[in-house]
Amino acid sequence: MRNRAATGALCGFLVVALVDPAAAGIVAKIDQSRQRMRVFVDGHPAFDWPVSTARRGFVTPSGRYRVGLMAPMWRSRKYHGSPMPHAMFFRGGYAIHGTYATGSLGRRASHGCIRLAPGHAAALFGLARSRGGAAVIIRD
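Following this line, the structure appears as structure tokens:
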């Protein structure tokens, strides 16, 4: 992620403030080895939730992303109209979304998306919507 500079004048001096996008706004950090998501708000830890990422034979892509399309309810076109409540797409068809298979949270069980308990997905969705988006950081 890039740093952006904000400038302004103060008593004839140029003031430059660097803003690190990872330290501002909403950031969801997913640790695939632990099957956990930590959510940061303005750089401060706010939530730590179990998730399900890709099971054997499928991939959840590692990397840094920005949330793009957000939908309160999405139906998978690829997987027979499966419900994806509070979907937040971050790379093509990959999304963070709620799941009703909450018994699988904490272990690899998805086709590649990052699944959360419905209430946690709703909370993250609401935060991202209220703050104009979110960053997603996924590591193996």
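In case it helps, mature numbering (1 follows the signal peptide of the UniProt record, and there is no 0) puts the sequence shown at residues -24 to -1, 1 to 116. Note that CB positions come from ideal geometry on N, CA and C, so glycine has one too. Here the structure is a predicted model, which is why all the values come from computation and not from measurement.
- Following the DSSP letters along the chain, one finds Pro48 inside the beta strand (DSSP E) bounded by residues Met46 to Arg51.
- Judged by DSSP secondary structure, His62 falls within the beta strand (DSSP E) whose first and last residues are Pro59 to Arg67.
- Assignment of Ala110 by DSSP, reduced to helix, strand and coil, places it in the coil class.
- Straight across, the Cα-Cα distance linking Ala98 with Thr75 is about 11 Å.
- One Cα belongs to Leu45, the other to Gln8, and the distance between them is close to 23 Å.
- Leaving aside the five residues that flank Ala71 on each side, the residues in its chain whose CB is nearer than 7 Å to its CB run, in chain order, Met60, Ala63, Met64, Phe65 and Cys89.
- Where His56 is concerned, there is no enclosing beta strand (DSSP E), because DSSP gives it neither an H nor an E.
- Annotation: the continuous beta strand (DSSP E) that includes Pro26 extends over His20 to Pro26.
- When beta bridges are read from the DSSP output, Phe16 appears opposite Val3 and Pro21.
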